[in-house]
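2 protein chains.
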Amino acid sequence: MPLIVVDVMPKAEILDPQGKAVTRALTRLGHEAVGQVRIGKRFELTVDGEVTDELLGQIRTVAEDVLANTVIEDVVGIHVEEQA
Amino acid sequence: MPLIVVDVMPKAEILDPQGKAVTRALTRLGHEAVGQVRIGKRFELTVDGEVTDELLGQIRTVAEDVLANTVIEDVVGIHVEEQA
Numbered sequence: 153m154p155l156i157v158v159d160v161m162p163k164a165e166i167l168d169p170q171g172k173a174v175t176r177a178l179t180r181l182g183h184e185a186v187g188q189v190r191i192g193k194r195f196e197l198t199v200d201g202e203v204t205d206e207l208l209g210q211i212r213t214v215a216e217d218v219l220a221n222t223v224i225e226d227v228v229g230i231h232v233e234e235q236a
Numbered sequence: 153m154p155l156i157v158v159d160v161m162p163k164a165e166i167l168d169p170q171g172k173a174v175t176r177a178l179t180r181l182g183h184e185a186v187g188q189v190r191i192g193k194r195f196e197l198t199v200d201g202e203v204t205d206e207l208l209g210q211i212r213t214v215a216e217d218v219l220a221n222t223v224i225e226d227v228v229g230i231h232v233e234e235q236a
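Chains as they are written, first to last, in the numbering used here: chain G, 153 to 236; chain W, 153 to 236.
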């Protein structure tokens, strides 16, 4: 069964305290190469049958209406991954 | 500055109540094509300078040690995305 992955991230202007905490922790641990960390959500949707453009359109609607809170988040990516 | 994305998902055998709740909501909303939803985390790490194999190795370590709780989660992907 195909897997559709929806990536949701907080909008750039929204404060991301968790991301800041992880950034500070990495700096303390000596990982100076990492400048900034932002944390979002990854949704894996298992779908029945073939992935059509119509289904992807439906998933786009689901992502915007249900999976993301579009006041503070953006849907940054939707892609299909075949399950191993 | 390059962006390294780390994807972390709960292990398959771990109960995912949030994912189950979203699955039921989508079924109620009439999206029968979606069989199952699992929810994980997407980390976006902004790094200074060029992405080398050595840096990717360092990020793999960071992902396993800091970003994921490897008792209940798996690092399912690490990839580089150029920032727009």
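Glycine included, every Cβ here is placed at the ideal spot set by N, Cα and C.
Practice item. Step through the CB atoms of chain G and report whether any lies within less than 8 Å of the CB of W:T198. Key: True, the Cβ-Cβ gap to chain G drops below 8 Å.
**Study point:** Proximity below 8 Å, CB of W:A185 to CB of G:V199
**Key:** It is a contact, given that the beta carbons lie within the stated cut-off.
Check your understanding: At a CB-CB cut-off below 9 Å, which residues of chain G make contact with W:D159?
Key -> Within chain G, the residues near W:D159 are V157, D159 and R194.
Exercise for review: Assign W:V181 to buried or exposed, taking buried as 16 or more other Cβ atoms, counted over all protein chains shown, within 10 Å of its Cβ.
Suggested key: In the sequence as displayed, the identity of residue 181 of chain W is Leu instead of Val. Answer is exposed; the Cβ neighbour count stays below 16.
Review point. Can you list, in chain order, the residues of its chain whose CB lies under 7 Å from that of W:P162, leaving out five sequence neighbours each side?
Key: The answer, listed in chain order, is D168, R190, G192, I224 and E225.
Review point. Taking the continuous beta strand (DSSP E) assigned at G:D226, which residues delimit it?
Key: Annotation for G:D226: the continuous beta strand (DSSP E) segment containing it runs E225 to E233.
Practice item. Go ahead and pull the three-state DSSP assignment for G:V218. Key: It is helical.
Review point. By Cβ distance below 7 Å, which residues in the same chain neighbour G:R212 in space, the five residues on each side in sequence not counted?
Key: These residues qualify, in order along the chain: I230.
Exercise for review: Answer with yes or no whether the minimum CB distance from W:I191 to chain G is below 8 Å.
Suggested key: By this cut-off, W:I191 is an interface position.
Review point. Given that a residue counts as buried once 16 or more other Cβ atoms are within 10 Å of its Cβ, and exposed if not, what is W:I166?
Key: With fewer than 16 other Cβ atoms from the protein chains shown falling within 10 Å of its own Cβ, W:I166 counts as exposed.
Review point. Between which two residues does the alpha helix (DSSP H) harbouring W:P169 extend?
Key: First-last of the alpha helix (DSSP H) with W:P169: P169 to R180.
Review point. Do we get a CB-CB distance below 8 Å when we pair W:L207 with the residues of chain G?
Key: For W:L207, the answer is yes, since a Cβ of chain G falls inside 8 Å of its Cβ.
Review point. For G:V214 versus G:V232, is the C-beta spacing smaller than 8 Å?
Key: No, these two residues do not count as a Cβ contact at 8 Å.
Point to revise | Spatial distance of W:E206 from W:V227 (CA atoms) | key: Rounded to the nearest angstrom, the two C-alpha atoms are 18 Å apart.
Practice item. Work out the CA separation of G:G201 and G:T179 for me, nearest whole Å. Key: Roughly 46 Å separates the two Cα atoms.
Check your understanding: So, is G:A173 buried or exposed, given that buried needs 16 or more other C-beta atoms within 10 angstroms?
Key -> G:A173 should be labelled exposed.
Check your understanding: Counting along the chain, where does the beta strand (DSSP E) carrying W:I156 start and finish?
Key -> Unbroken beta strand (DSSP E) run through W:I156: L155 to P162.
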